[in-house]
Amino acid sequence: MDGGASSEPHISPKEEESNRTVMVILVGPPGSGKSTFCEAVISASKRPWVRVCQDAIGNGKAGTKALCLKAAADALNEGKSVFIDRCNLEREQRTDFLKLFGSRTDIHAIMLDLPAKVCISRCVNRTGHEGNLQGGRAAIIVNKMLQNKEAPNLNEGFSRITFCQNDSDVKEAIKMYSELGPSDKLSPGEFGLKSKKESGQQSIMKFFKKSAREENSQKEKEGTSSSENGSGNEFPTLAFPSISTADFQFDLDKASDIIVESAQDFLRRVDNVRLALVDLSDKSRIISLVREKMVKKGINSNRFITFVGDITQLYSKGGLRCTVIANAANWRLKPGGGGVNAAIFKVAGEALEIATKERAETLNPGSSVAVPLPSTSPLYQREGVTHVIHVLGPNMNPQRPNYLQNDYTKGCKILRDAYSSLFECFASVACLERNKKPKLVELKDKTSGETKNKDKREEVKSRNWGSWALALYNTAMDPEKYKDGLLEISDDFIVLNDLYPKARKHVLVLSRLNGLDCLEDSKREHLPILRSMHSAGVKWVKKFHSEDPSLHFRLGYHSVPSMRQLHLHVISQDFDSPSLKNKKHWNSFNTAFFRDSVDVINEIEEHGSAKLSSEKLLEMELRCHRCKSAHPNIPKLKSHIARCKASFPPDLLQNSRLLSASNNDLDTN
DNA sequence: GTTCTAGAAC
DNA sequence: GTTCTAGAAC
């Protein structure tokens, strides 16, 4: 706690009833435009607003959170709506506001999530700032604050969150809040989260944008809609009900353990996806149990959320966009019964029944089946759901088939199987969606299920490599021809210097196996070659260390390579090279797009394939790989990394991801 | 993957 | 004016 308030802020309930007050917590670093946002709304609004600004509240002295809480309470007591104008970037900084006022007023968050360089340049250039944060000092502070940024999440207790990622988002949000009359209320949910460039999903997104916009146009006229402009959430999201705890009477405490453990295990293995546990009632016991256990386990609340609402209307009513929803099905895969199963079949229409029949007749407890929704289904058009995954859990209800007679050893195993099968199904669906070409979307309704799948496989398999992208492939197939430039040739691989090295030492270990084009193709049968390529890489690192022990190395693959033929990058971490010229170069070695060889091998051993990261990571802002500071452009980044002596981040120091002269001797393979 | 270059950003 | 990025062509 930063402050010394003597008494807790208090609101009298009668005031709250007569006014639609709202408290808006702004979230953003210095320079993100929080104060400007508030001033713009306040000057245009018909509703009484008070801006509670920590920088200004201390009358010349540094303000405190306690003073802000008190001022917010006073304003709400007077029936005024409140902006909390402080950075609020960490969840902990927001909790007191939510805790003190959450039960008494609507609390919104507006996240001003503009690029770090924009915020920094605004801070550097401004004068006369209330908090006296301006000039060169600002860059350091903004950078530091952004490292601990935690995006606001509905499960903190916000009823509505608006994300603004650029000026036009900000403008739109200002307009919406300005137009809010004294008795208006904005619809709840999460708005404006979007991915910058999701090339693979573009077609689906484009289609979805259209239908969502049509659906929302009426609402927008009424001013009840959001700044949501139709673009999607950052990650594909699976919404699922709690399996077996309703009709099948499975013990809630045991079920919640299994949900949390299965989700955690899944999210550790699969990137760029999100899970949402959904229940209808805000008094849901299962949701509160799961929340409690999530917090205990420290699960990232951006990747696993709990959501109260109707699973068939998550987007239209709740503003939560889920590409895939799970259905707590019965073994006959038939509509009816009650609860979620009946609701989903009812909303999805006959189309879902037909599509389900094409896939499976029945379902065993502990298993699941994914059904693509025809584009004619209202669930697809209105909610943006592309697949329904039917899943069947264990039954503890004597009135229903397959009663387990209270055998929780069996029951827990089946429930675990059900969740892991559900999540795996979701991962494969999400992956296909990502790789889908626009052409395939057109084909969707014309062909039968089976041909569709074949098309997809062929589409993914037949990549279009340009002629320039075949250089490595040609070398691998005919090394004798290029012998002069090669460092080492074996039956399985070739080692050569990268033609355009991105660091002082940068070599490629190139597989010679025809048909193994890239990381995506690498499966269990390729483990021997992956291991021998890794060993070769480590051997070369040792040689380089004998020449220059100050170098550090990473060994890894690009998630999506530009050149055909699987190749392992062995690259020193100085990145001191004239060939490193652009953002893509940097981010391809310094974001999750670069998959460390040790992790790749582990993942293929355990799951049969390696995780791939999206190409959108290549567009990310430039951050130092050591101290994580942000930089506005490549020349500035390069001059920083030439000087930065910070230690490498902890995750690189684990599992021999980073090979330094001091630890390389310990590595025998 | 690189090179080239228009035009955005400074 | 110069610097830097990003998209097209190869």
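Numbering (the numbering used here), first residue to last: 507 to 1175. From the three backbone atoms N, C-alpha and C, an ideal C-beta is built for every residue, glycine too.
Item                                                                                                                              : Value
Endpoints, alpha helix (DSSP H) assigned at Gly845                                                                                : 845 to 854
Straight-line gap, Ala982 to Leu1022 (C-alpha atoms, nearest Å)                                                                   : 11 Å
Endpoints, the alpha helix (DSSP H) within which Asn1108 is located                                                               : 1103 to 1113
Rounded straight-line distance, which links the Cα of Ala861 to that of Val1044                                                   : 50 Å
Inter-residue spacing [alpha-carbon to alpha-carbon] between Ala562 and Leu686                                                    : 26 Å
Per DSSP, cross-strand counterpart(s) of Cys559                                                                                   : Asp591
The stretch 564 to 571 contacting the stretch 648 to 658, beta-carbon criterion three pairs below 8 Å                             : no
Lys760 versus Lys799 - alpha carbon distance                                                                                      : 11 Å
Counterpart residues of Thr812 in DSSP-defined beta bridges                                                                       : Leu783
Under the three-state DSSP convention, the category Thr751 falls into                                                             : coil
First and last residue of the uninterrupted alpha helix (DSSP H) at Val676                                                        : 673 to 684
Contact under 8 Å by Cβ, Lys803 with Gln770                                                                                       : yes
Nearest-angstrom beta carbon gap, Ala1136 and Lys823 [assumed within contact, 8 Å]                                                : Actually they are not in contact, since the Cβ atoms of Lys823 and Ala1136 sit about 38 Å apart, beyond 8 Å.
Rounded distance between the beta-carbons of Lys1090 and Leu1124, thought under 8 Å                                               : 5 Å
Cα-Cα separation, Pro1055 to Asn1096                                                                                              : 22 Å
Residue ranges of each beta strand (DSSP E) within the stretch 1042 to 1119, 3 or longer                                          : 1058 to 1064, 1073 to 1078, 1100 to 1102
Rounded distance between the beta-carbons of Val528 and Ile463, thought under 8 Å                                                 : Residue 463 lies beyond the range of the chain shown here (507 to 1175); nothing can be said about it.
For Ile613: DSSP bridge partner residues                                                                                          : Met529
Three-pair Cβ contact test at 8 Å for the stretch 911 to 920 versus the stretch 839 to 851                                        : no
C-alpha gap between Asn1169 and Lys1049, whole angstroms                                                                          : 14 Å
Contact the stretch 627 to 641 vs the stretch 547 to 555: 3+ CB pairs below 8 Å                                                   : no
Which of helix, strand or coil DSSP assigns to Tyr979                                                                             : helix
8 Å Cβ cutoff met for Val1001 and Ala1042                                                                                         : yes
Rounded separation between Leu781 and Phe603 - CA only                                                                            : 27 Å
Stretch pair the stretch 1126 to 1135 + the stretch 1150 to 1159: three plus CB contacts closer than 8 Å                          : yes
Backbone secondary structure at Leu639 - three-state DSSP                                                                         : coil
Reference Arg1010, options Leu1016, Phe1059, Ser1038, closest by Cα                                                               : Phe1059
Per DSSP, cross-strand counterpart(s) of Cys670                                                                                   : Leu618
Residues of its chain near Arg597, where Cβ-Cβ distance is below 7 Å and the 5 sequence neighbours each way are ignored           : Glu656, Glu662
Any 3 or more C-beta pairs closer than 8 Å across the stretch 1059 to 1068 and the stretch 986 to 997                             : no
Residue span of the alpha helix (DSSP H) that contains Asn565, given as start and end                                             : Segment: none, Asn565 is in no alpha helix (DSSP H) and carries neither H nor E.
Under the three-state DSSP convention, the category Leu985 falls into                                                             : Looking at the sequence shown, residue 985 is not Leu but Pro. Three-state DSSP puts Pro985 in a helix.
Beta-carbon spacing of Leu1159, Leu1025 below 8 Å                                                                                 : no
DSSP state of Arg502 mapped onto helix, strand, coil                                                                              : Coverage of the chain is limited to positions 507 through 1175, which leaves residue 502 absent and any answer about it impossible.
Residues that DSSP places opposite Gly695 in a beta bridge                                                                        : Arg666
Contacts around Ala581, its chain only, beta-carbon distance under 6 Å, and the 5 residues preceding and following it disregarded : Val556, Val588
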